[in-house]
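Below: the structure, in structure tokens.
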Amino acid sequence: MNHPQRLEQMIRIARRAGDMIVQARQKQNFSHDYKGGDELVTEVDVAVDQMIAEELEALFPGEARLTEELAPDRSQLEQRGPLWVVDPIDGTVNFAYGHAHVAVSIAWAVDGEVQLGVVHAPFLGETFTAMRGQGARLNEESMHCSRPTTLERSLVATGFPYARDKRAPLIRRLNHVVHACRDVRRNGSAALDLCHVGCGQLDAYYESVSPWDFAAGLLIAREAGASTSHLYECPEGLPVELYGENLLVSAPGIHGALGDLLRGADAGRPVAP
Ligand code: IPD
Ligand code: CA
Ligand code: CA
């Protein structure tokens, strides 16, 4: 199967997943559970993960999968060859509370380089896609990031981990950003934040997340013209495109300034008045 045909299948599967998510919300009869202490997971997260796994296995038997609920073994990141990276529901808390920022994220990487990405947001009616080197699309239309040149004119998104004891240093960063930028958004889906940088609904996004949260969205943002980097050097031996610590994705004209601001916050620099 060539890359456009693969992408078609990914879109079909993501839309099927989106239909399951919409129906589950309409029925409101899904159970809630917690993993690792405070992290919410619903039975819909697991059912969607299962459906996507079955679809991918039927079409691409034997290709490795890294999926948040059923196959979260990160040692697969060190292997060469094809790898599917899937978040069945990105924005689980939004899903459970009835908010619209919810997405299905499916990426396909080869030797650690993401080749294809789909992020489908069923409640927003937005399907973002990208093929490496071929640009990014929103609902089939070509899309591009915004072009701000100053932080004062930039809308910046971020997120926080479920572990509350890891949030303090992020509040320091937030304090700097909120003083320097137009405003801040915490929309609750990393995959969508990245796509929204890609289409200009946001000017920048920074966060530390897991591979399934960002693999597809990062490709989509980059193909739409956004600058993508990590605030600090990545460890040897892990593919940079699947390493989610200290991600920074933004319109090109503010990338350097925002990186400096965030590193300055980490270093304890005082907030500019
Ligand atoms: C979460 C969302 C959120 C981000 C968290 C992620 P989930 O994914 O992407 O925006 O801030 O770090 O874990 O749990 O809803 O799939
Ligand atoms: Ca996620
Ligand atoms: Ca998830």
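Heads up, the sequence shown is in our numbering, so the first residue is 2 and it goes up one at a time. No residue lacks a Cβ here, since even glycine has one placed at the ideal position from N, Cα and C.
In chain order, what residues of the same chain have a beta carbon less than 6 Å from the beta carbon of Ala225, not counting five sequence neighbours either side?
Hits under 6 Å: Ala137, Met144, His145, Cys146, Gly199.
To the nearest whole angstrom, what separates the beta carbons of Ile22 and Phe96, a pair I think is in contact under 8 Å?
The pair is a contact, with the Cβ atoms about 7 Å apart (cut-off 8 Å).
Go through its chain and collect everything with a Cβ distance to His177's Cβ below 6 Å, but skip five positions before and after it.
Contacts found: Leu262, Ala266, Val272.
Can you tell me whether DSSP reads Ser147 as helix, strand or coil?
Correct three-state label for Ser147: coil.
Identify the residues that DSSP records as bridge partners of Ser211: which are they?
For Ser211, which the question treats as bridged, DSSP gives no partner whatsoever.
Would you list the residues whose beta-carbon is nearer than 7 Å to any heavy atom of ligand 3, in the order they occur in the chain?
That query returns the following residues: Asp46, Glu69, Asp88, Pro89, Ile90, Asp91, Thr93, Trp213.
By DSSP, does Gly160 sit in helix, in strand, or in coil?
In the structure shown, Gly160 sits in coil (DSSP, three-state: anything other than H, G, I, E or B).
For ligand 1, any of its heavy atoms closer than 8 Å to the Cβ of Tyr163?
Correct: Tyr163 has its Cβ closer than 8 Å to ligand 1.
Within 8 Å: the Cβ of Ala191 and any heavy atom of ligand 2?
Under cutoff, so the answer is yes.
My output table needs one value for Glu114: the three-state DSSP class, helix, strand or coil.
Reduced to three states, the DSSP call for Glu114 is strand.
Please report the distance separating the alpha-carbon of Ser251 from that of Ala104.
Going by the C-alpha atoms only, they are around 20 Å apart.
Please go through the same chain and pick out, in chain order, the residues whose beta-carbon is closer than 8 Å to the beta-carbon of Tyr35, but skip the five residues on each side of it.
If we look at Tyr35 and ignore the five residues flanking it on each side, its Cβ neighbours are Leu41, Val42.
Determine the extent of the beta strand (DSSP E) in which Arg66 is found, giving its start and end residues.
It spans 65-68 - the beta strand (DSSP E) in which Arg66 sits, taken as one unbroken run.
Measure from the alpha carbon of Arg154 to the alpha carbon of each residue in Leu195, His180, Ile53, Gln29, then state which is nearest.
Nearest C-alpha to Arg154: His180.
Determine whether the beta carbon atoms of Asp112 and Pro240 lie at a separation below 9 Å.
Yes. Within cutoff.
Name the residue from Leu249, Leu243, Gly260 whose alpha carbon lies nearest to the alpha carbon of Glu208.
That would be Leu249, whose Cα lies nearest to the Cα of Glu208.
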